[in-house]
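Everything below concerns the one structure shown next.
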Amino acid sequence: MKIVVGLGSCGIAAGGKKIYGTLESLLAAHPEAGASLGGTGCCGMCYAEPLVEIREEGRTTLYGSVTEESAKEIFEWHVLHGTPIYKYAVRSTDHACAEEGFFEKQRRIVLARCGVIDPESLDEALALDAYQGLRKALAMSPEEVIEEMKASGLRGRGGAGFPTGLKWSFARKSASGPKYILCNADEGDPGAFMDRSVLEGDPHAVLEGMAIGAYAIGASEGVVYARAEYPIAVKRMQKAIDDAEKAGFLGENILGSGFDFHLQIKQGAGAFVCGEETALMASVEGKRGMPTMRPPFPAESGLFGKPSNINNVETWANVGWILLHGASEFAKLGTEKSKGTKVFALAGKVRRGGLVEVPIGMTLDEIVNDIGGGSRTGKPVKAVQLGGPSGGCVPAGLFDTPVDYETIAATGAIMGSGGMIVMDSDTCMVDIARFFLNFTQEESCGKCTFCRIGTKRMLEILTRITKGEGQEGDIGTLELLSDEIRRNSLCGLGQTAPNPVLTTLRYFREEYEAHIKEKKCPAKQCRDLIIYLIDPELCRSCALCSKKCPVEAITGARKIPYVIDQQKCIKCGTCLETCPFGAIRKE
Amino acid sequence: MLKGGLSLSCAGKKQCDAAFERALADYSGDKSLLIPLLQRLQEAYGWLPPDILEALSARTGIPVPEILGVATFYAQFRLRPAGKHGIRLCFGTACHVNGSETIGDALRDELGVELGGTTEDGFYTLSTVACLGCCSLAPVMMIDGEVYGRLTPDKARQIVREFRGTHGEEAAAQ
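Shown next, in the form of structure tokens:
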């Protein structure tokens with residue numbers, strides 16, 4: 001019997017380490033249990049962390065939302081007496097569980113080993129086919145590998161969707177060496193965490209992909225550029241590199257083929273624009289991460305002026321699988337123009353937030369409602385935001401849209417790296433647009449005037465609107481600025497920065513108009529446009545709200561309904577959450 | 001080469017020199033290593049003091065303006081001393097949608113500082129971060145590397161109070 005605890009970032013944040021400790025001491029006290037204890041990465045069920053899986057001969061039981069108490073119960077009944085406690089189980093091989101729906105429609109290639117193996121164990125990865133694709137690739141010629149990648153139809157998973165095999169062929173053709181292979185692990189989109197989970201859960205999949213890519217284009221050096229905010233990912237990646245070198249999958253004379261490939265990790269220092277390839281390369285060179293004009297493309301002149309090929313984490317994690325199982329197997333999944341699967345980070349107001357991997361072409365409805373379980377709040381889902389600050393909001397009315405690069409682009413959003421934030425009727429779309437503009441404005445590197453100043457002006461207008469100071473003509477100015485910023489920015493950050501505004505204007509224009517003309521926020525989110533009120537009929541004068549109010553704005557007395565002093569109220573909403581009688585409302 | 005008083009996190013000048021030497025011990029002369037060097041120095045000193053940057057320039061031959069150009073470009077680098085403990089509130093999309101703004105209000109009120117500020121006793125710096133990647137637990141904050149999720153304004157206050165309680169003796173000792 002093996003007990004496995006989810007120890008990805010989410011798992012640890014939810015208390016996975018404490019549960020691990022509890023189980024460790026229980027096992028020490030009961031050596032007769034004969035079970036081993038280990039950790040694993042994220043299986044995607046972030047909403048049910050901490051997760052504990054018990055693997056036995058012929059039976060696997062996954063327990064969710066484990067507490068110290070339930071861990072003890074599970075240990076007592078399941079580990080010691082062999083009786084699973086199904087009421088705590090979220091997935092089981094011999095019993096139907098309520099949460100099965102989360103996995104049913106998924107198809108796992110990139111995440112196949114995540115949450116299954118101990119990411120710090122090369123042996124466990126090897127037992128599940130790691131580096132088999134590399135072995136196969138090394139028996140082929142580099143040109144054959146590139147042809148195989150072209151045939152698979154894999155497109156860049158970082159957002160732009162450029163065909164991977166074609167990209168490799170450009171770098172292959174560049175004559176001058178040395179060449180570089182890079183992995184973009186600078187996952188900067190707020191709300192996206194699939195790359196982190198892959199790095200934390202199955203680092204060898206990324207390394208294998210990079211080694212295959214290096215062999216195909218003729219590179220001997222590689223760099224993984226990882227976000228500094230992901231310390232666990234960096235640590236596990238480093239261990240994976242060291243282990244792979246010792247085992248001969250990286251380093252000199254890989255698997256006796258005569259091919260050398262050395263890899264190192266460079267940590268980013270917090271700049272969203274470094275997700276753009278030329279900016280990323282500048283950052284690896286130790287400079288300010290500012291994008292440069294293309295051409296020349298990195299395939300000709302990239303890192304240190306040498307031919308370079310860069311792909312993101314998820315793209316790399318697909319490569320080994322494609323080589324091992326064959327391009328045609330991969331191309332069976334997906335749509336005509338977009339092959340394979342895509343990993344999405346489902347978050348926001350969704351019931352089952354986590355990582356999901358689905359064949360490309362699945363509809364938004366299936367992802368959000370069937371897999372994600374719909375709204376968590378009981379209020380209807382209003383829209384889903386795709387692609388982070390470069391993407392847009394797709395309204396619930398368009399949920400029959402299949403998710404592939406072209407169809408999503410037609411809605412005004414982008415496939416992006418895979419962030420999918422679900423919003424309900426309490427989410428103000430103007431506020432969301434302002435939120436993203438605030439982000440891109442702060443992260444603009446400042447090189448292009450339209451991105452630097454244009455986003456600033458847009459942010460000012462949006463802020464004004466959310467404060468109830470919107471003016472006639474603001475919407476027109478936003479549209480004009482959007483167009484100029486799109487056309488006059490050098491890199492993707494500026495070119496896509498207006499997308500959140502344009503899509504919300506396209507689908508939720510009436511919300512903008514309500515803010516501007518009626519000075520009302522239909523979602524009741526914008527603080528300057530709402531007030532909190534206590535209904536004297538419902539108030540039981542319990543004084544709870546008054547005690548919790550951080551600014552002492554609520555007064556009353558026994559048998560006299562409480563009242564909020566609107567001058568003092570900071571609209572934090574604490575009273576609304578506190579009131580046990582539902583007497584407080586927002587207007 | 002090193003001159004002037006050093007940062008809060010250095011007890012004495014000698015120690016600081018040693019920290020500087022440790023950070024540059026294996027420096028090979030490769031100028032592309034500027035960012036990792038700055039990361040190491042910040043880890044040693046808690047921030048990037050001006051005289052340390054001058055020393056770095058003298059050692060590497062990279063002009064001070066260029067070093068400052070890089071140090072000011074990236075959000076990670078601090079050019080002012082920070083508090084002993086960092087409280088980083090996530091302002092990612094999922095956290096925003098789930099009410100991180102009100103968590104920010106509660107923390108500002110509880111600590112008596114603005115976002116980006118450091119408490120008077122120099123112990124806590126309250127800052128925001130673009131995304132911690134724990135979106136399913138939104139809203140979240142991180143205190144010294146540990147993530148706290150599913151926050152409410154009340155819960156956030158409680159966590160800070162408890163943290164201050166357990167770190168109370170060190171405050172009293174200083």
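Protein chains in written order, with the numbering used here: chain C, 1 to 587; chain R, 1 to 174.
By construction, the Cβ of each residue, glycine as well, lies at the ideal position given by its N, Cα and C atoms.
Here the structure is a predicted model, which means the values were calculated and not measured.
CB contact below 8 Å: residue i versus chain R
i: ARG596(C); result: No answer is possible for residue 596(C): the residues shown for chain C start at 1 and end at 587.
i: SER9(C); result: yes
i: PRO498(C); result: no
i: TYR180(C); result: no
i: GLN385(C); result: yes
i: GLU229(C); result: yes
i: CYS549(C); result: no
Residue i at chain C interface by Cβ criterion, 8 Å
i: PRO49(R); result: no
i: GLY112(R); result: no
i: VAL160(R); result: no
i: LEU115(R); result: no
i: VAL140(R); result: yes
i: LEU137(R); result: yes
i: PHE163(R); result: no
7 Å Cβ cut-off: residues of chain R touching residue i
i: LYS349(C); result: VAL97
i: LYS287(C); result: VAL70
i: ARG196(C); result: GLY133
i: GLU577(C); result: THR152
i: PRO190(C); result: GLY92, THR93, ALA130 and CYS131
i: ALA345(C); result: CYS135
i: GLY354(C); result: SER136
Same chain, Cβ closer than 7 Å to residue i, neighbours up to 5 away in sequence not counted
i: VAL608(C); result: The displayed coordinates of chain C run from 1 to 587. Any statement about residue 608(C) would go beyond what the structure contains.
i: ILE232(C); result: SER9 and GLU200
i: VAL113(R); result: THR119 and LEU126
i: LYS136(C); result: LEU323 and LEU324
i: ALA583(C); result: ILE534, ASP535, LEU538 and CYS539
i: LEU115(R); result: GLY104, ARG108, LEU126, SER127 and THR128
Below-8 Å beta-carbon distance, residue i vs any chain D residue
i: GLN264(C); result: Although the question refers to chain D, the structure presented lacks it and instead comprises the protein chains C and R.
Cross-strand partners of residue i (DSSP beta bridge)
i: LYS266(C); result: TYR225(C)
i: CYS183(C); result: VAL224(C) and ASN311(C)
i: LEU62(C); result: GLU53(C) and ARG91(C)
i: LYS2(C); result: SER36(C) and ARG55(C)
i: THR22(C); result: None; THR22(C) has no bridge partner.
i: PRO626(C); result: An answer regarding residue 626(C) cannot be provided, because it is not within the stretch 1 to 587 covered by chain C.
i: VAL147(R); result: MET142(R)
i: THR125(R); result: GLY86(R) and THR118(R)
Amino acids of chain R, ordered along the chain, whose beta-carbon sits closer than 9 Å to that of residue i
i: VAL284(C); result: SER32 and ILE35
i: MET423(C); result: VAL97
i: PHE435(C); result: PHE91, THR93, HIS96 and VAL97
i: CYS46(C); result: CYS134, CYS135, SER136 and LEU137
i: THR427(C); result: VAL97
i: SER582(C); result: The residue you asked about is not Ser; residue 582(C) is Gly in the sequence shown. Here the premise fails: no neighbours, minimum Cβ distance about 17 Å.
Chain-order list of residues whose beta-carbon lies under 8 Å from that of residue i (same chain, five-residue window excluded)
i: GLU357(C); result: GLY44, GLN106, ARG107, ARG108, ILE109, VAL110, LEU111, THR341, LYS342, VAL343 and PHE344
i: TYR27(R); result: LEU33, LEU37, ARG59 and THR60
i: ASP565(C); result: ALA553, ILE554 and THR555
i: VAL147(R); result: LEU132, CYS134, LEU137, VAL140 and MET141
Within chain R, the residues that residue i reaches when beta carbons sit closer than 8 Å
i: GLN267(C); result: ILE35, PRO36 and GLN39
i: GLY388(C); result: THR93
Chain-ordered chain C contacts of residue i [CB-CB under 7 Å]
i: ASP105(R); result: ILE570 and CYS572
i: GLY149(R); result: ALA13 and ALA14
i: THR102(R); result: CYS572 and GLY573
i: PHE73(R); result: ALA271, ARG288 and GLY289
i: ASP109(R); result: PRO550
Own chain, CB closer than 6 Å to residue i, minus 5 neighbours either side, in chain order
i: LYS84(R); result: PHE123
i: ARG352(C); result: TYR47, PHE102, GLY372 and GLY373
i: GLY11(C); result: GLU49 and PRO50
(Q) Tell me whether the segment 378-390 of chain C and the segment 325-340 of chain C touch, counting them as touching only if at least three CB pairs, one residue from each stretch, are closer than 8 Å. (A) No, they do not touch.
Q: Assess, as a yes-or-no matter, whether the segment 442-454 of chain C is touched by the segment 463-476 of chain C under the definition of 3 or more beta carbon pairs within less than 8 Å.
A: No, they do not touch.
Q) Would you call the segment 410-423 of chain C and the segment 186-193 of chain C in contact, with 3 or more CB pairs under 8 Å? A) Contact between the segment 410-423 of chain C and the segment 186-193 of chain C is present, because at least three Cβ pairs lie under 8 Å.
**Q.** Cβ contact check for the segment 287-307 of chain C and the segment 433-449 of chain C: 3 or more pairs under 8 Å
**A.** Here the segment 287-307 of chain C lies against the segment 433-449 of chain C, with 3 or more beta-carbon pairs under 8 Å apart.
Q.
Assess contact between the segment 135-147 of chain R and the segment 94-108 of chain R, defined as three or more Cβ pairs (one per stretch) separated by less than 8 Å. Is contact present?
A. Short answer: they touch.
Q: Could you tell me whether the segment 129-149 of chain C touches the segment 63-74 of chain C, where touching means 3 or more Cβ pairs closer than 8 Å?
A: No, the segment 129-149 of chain C is not in contact with the segment 63-74 of chain C.
Q | Meets three-Cβ-pair contact criterion under 8 Å: the segment 17-26 of chain C and the segment 82-102 of chain C | A | Put simply, the segment 17-26 of chain C does not touch the segment 82-102 of chain C. Fewer than three CB pairs are less than 8 Å apart.
Q. Pairing CB atoms from the segment 25-34 of chain C with CB atoms from the segment 181-189 of chain C, are three or more of them under 8 Å?
A. The answer is no - the segment 181-189 of chain C does not touch the segment 25-34 of chain C, with fewer than three Cβ pairs under 8 Å.
Q) Does the pairing of the segment 456-467 of chain C with the segment 514-534 of chain C give three or more beta-carbon distances under 8 Å? A) The segment 456-467 of chain C vs the segment 514-534 of chain C: in contact.
Q) Is the segment 567-577 of chain C touching the segment 100-107 of chain R in the sense that three or more CB pairs, one from each, lie closer than 8 Å? A) Taking 8 Å as the limit for Cβ pairs, the verdict is that the segment 567-577 of chain C does touch the segment 100-107 of chain R.
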